[in-house]
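A short write-up of the structure that comes next.
Residue numbers (UniProt numbering): 1 to 181.
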């Protein structure tokens, strides 16, 4: 169940309360610059496997430049949403989804990551559904993600959301999931 709290410009102002499969609720809202310390803590708290799948490589402590790039969202070309438990909005981030437009401004690359303790509840699906809606509102024609071929949770999420899957011609250890919007 979703409840939109401020629908005017979803990429910049929307807030949604989502009830997940286990009955827990999260607030999904746009990422902003003052999420920097929470974003750093979120990334550090991910398991090494979750960090590897999200960033397609092993990272430990994210650099200041990485955190700045992730939290300073250019709303003209990007969208990024964070999820926090309802009642704990000042607490930790438990999920993040984002996209960035490519040079054509008709395609965007997306990514989603969910805290290990919040996986398998439907949070990644909810985050991606909002991201897809915003991309459609902006006139984006296709959304894609580049993922590790072994990333089964992403393969299942992509299939569920209607993405197609193909091998990455530049790197056989990766796949490209794509959704026509």
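In this text, a Cβ means the ideal position worked out from N, Cα and C, and glycines have one as well.
Whole-angstrom C-beta distance between residue j and residue i, which should lie under 8 Å
i           : j           : result
residue 127 : residue 97  : 4 Å
residue 114 : residue 123 : 5 Å
Spatial neighbours of residue i in its chain, beta-carbon cut-off 7 Å, leaving aside the 5 residues before and after
i           : result
residue 149 : 173, 174 and 175
residue 62  : 40 and 43
residue 163 : 177, 178 and 179
residue 86  : 17, 25, 26 and 27
residue 167 : 175
residue 21  : 121 and 122
residue 45  : 115
Distance CB(residue i)-CB(residue j) smaller than 8 Å
i           : j          : result
residue 93  : residue 33 : no
residue 99  : residue 56 : no
residue 81  : residue 31 : yes
residue 198 : residue 83 : Lying before the first or after the last residue shown, residue 198 is absent from the chain, which here runs from 1 to 181.
Contact set for residue i: own chain, Cβ-Cβ below 8 Å, skip 5 residues either direction
i           : result
residue 36  : 67, 68 and 71
residue 181 : 132, 135, 136, 140, 141, 142 and 143
Own chain partners of residue i with C-beta closer than 6 Å, once the 5 adjacent residues on each side are dropped
i         : result
residue 6 : At residue 6 the pLDDT is 38, less than 50, meaning the model places this residue with poor confidence; the figure from the coordinates comes in the next sentence. Excluding residues within five positions, the ones whose Cβ falls inside 6 Å are 13, 14 and 15.
Practice task
Decide yes or no for the touch test of the stretch 62 to 77 against the stretch 112 to 122: beta carbon pairs closer than 8 Å, at least 3 of them.
Solution key: Flag = no, the stretch 62 to 77 and the stretch 112 to 122 do not touch.
Exercise for the section: Within the UniProt domain "N-acetyltransferase" (26 to 181), note down every full beta strand (DSSP E) run reaching 3 residues or more, in order along the chain. Expected result: If we require 3 residues or more, the beta strand (DSSP E) runs fully inside the UniProt domain "N-acetyltransferase" (26 to 181) come out as 78 to 85, 95 to 101, 107 to 114, 142 to 148, 164 to 167 and 174 to 180.
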